[in-house]
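In what follows, a single structure is set out as structure tokens and then discussed.
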Amino acid sequence: MASKKGARNSIILKCTVCGNENYITSKNRKEHPDRLEIKKYCKFCKQETVHKEKK
Ligand SMILES: [Zn+2]
10 MASKKGARNS IILKCTVCGN ENYITSKNRK EHPDRLEIKK YCKFCKQETV HKEKK
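Numbering (this note's numbering), first residue to last: 10 to 64.
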């Protein structure tokens, strides 16, 4: 079994349009030090919007 220890951190993706926190994902902060920005479907906006990592 893989260890649960590591550099991956849970992050919350927040819709930049309505501000709802729609997705939880994880990333390796050492490989991706910049804040994530992903286009994803927002059920509140009923369309694809840019989701940003919540600090
Ligand atoms: Zn939204």
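Quick reminder that beta carbons are idealized off the backbone N, C-alpha and C, glycines included.
Less than 8 Å between the CB atoms is what I'm expecting for residue i and residue j, so what's the real figure, rounded?
{"i": "K23", "j": "R44", "result": "So it is not a contact: roughly 11 Å between Cβ atoms."}
{"i": "T25", "j": "T58", "result": "6 Å"}
Could you tell me if residue i is buried or exposed, where buried requires 16 or more neighbouring beta carbons within 10 angstroms of its beta carbon?
{"i": "C51", "result": "buried"}
Between which two residues does the beta strand (DSSP E) harbouring residue i extend?
{"i": "N37", "result": "30-37"}
{"i": "E46", "result": "46-51"}
{"i": "E40", "result": "Looking at the DSSP string, E40 is not in any beta strand (DSSP E), and its letter there is neither H nor E."}
{"i": "K23", "result": "17-24"}
Just to confirm before moving on: does the CB-CB distance between residue i and residue j stay below 8 Å?
{"i": "K36", "j": "I21", "result": "no"}
{"i": "F53", "j": "N29", "result": "yes"}
{"i": "Y32", "j": "K48", "result": "no"}
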